[in-house]
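Asks:
In the UniProt record's numbering, the protein residues as written are 1 to 157.
So, in structure tokens, the structure goes:
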């Protein structure tokens, strides 16, 4: 039962809104807030998990308080545009813990990476000894984030 065929109703959306704000809410607390008994609330959550609508539960950390204060957006263009080069590049970047977001994009660059590091020295070490060692990179552009204006994890509001 793919998620494309499942239509979220208002109760589902209410559950998702609440879980986005606090994934630690119990089924009992959720059901009380959406005016639905616990069993159907639990069944809805399990269905949305099974369908991949709810992908995972996680804690949102303050990156500065866990020594990841430097954020860098790195744009990468591959030197060859073929399936083998792209597949190998993707496989290697996915192994890098410093890369917290990774997108295939259009335009002058092929990929955009969001990289977290404790400081400039650590980023430089990562860039020189890990990222730039991956075969297939033709061009890079690093953008250093000076301040985060808006960061959010909620997509249903």
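Virtual Cβ for every residue (Gly too), placed ideally from N, Cα, C. Here the structure is a predicted model, which means the values were calculated and not measured.
(1) Where are the beta strand (DSSP E) runs, 3 residues long or more, that stay fully inside the segment 98-154, in chain order?
(2) Look at the alpha carbon of residue 77 and the alpha carbon of residue 105, and state the distance between them as a whole number of angstroms.
(3) Have a look at 12, 9 and 134 and flag the residue whose alpha-carbon is nearest the alpha-carbon of residue 79.
(4) Kindly identify the DSSP beta-bridge partner or partners of residue 77.
(5) On a CA-only basis, which of 82, 40, 50 and 75 is nearest residue 115? Give me that one, please.
(6) Any contact between the segment 3-12 and the segment 34-52? By contact I mean 3 or more CB pairs, one from each, below 8 Å.
(7) Here's the rule: buried if 16 or more other CB atoms are within 10 angstroms of the residue's CB, otherwise exposed. What is residue 113?
(8) Which of the three DSSP states is assigned to residue 93 in this structure?
(9) From this set, 44, 58 and 19, which residue's C-alpha is nearest residue 7's C-alpha?
(10) If I follow the unbroken alpha helix (DSSP H) through residue 27, where does it start and stop?
Replies: Inspection of the coordinates gives the following:
(1) 99-104, 111-117 and 137-145
(2) 10 Å
(3) 134
(4) 139
(5) 75
(6) yes
(7) buried
(8) helix
(9) 44
(10) 27-34
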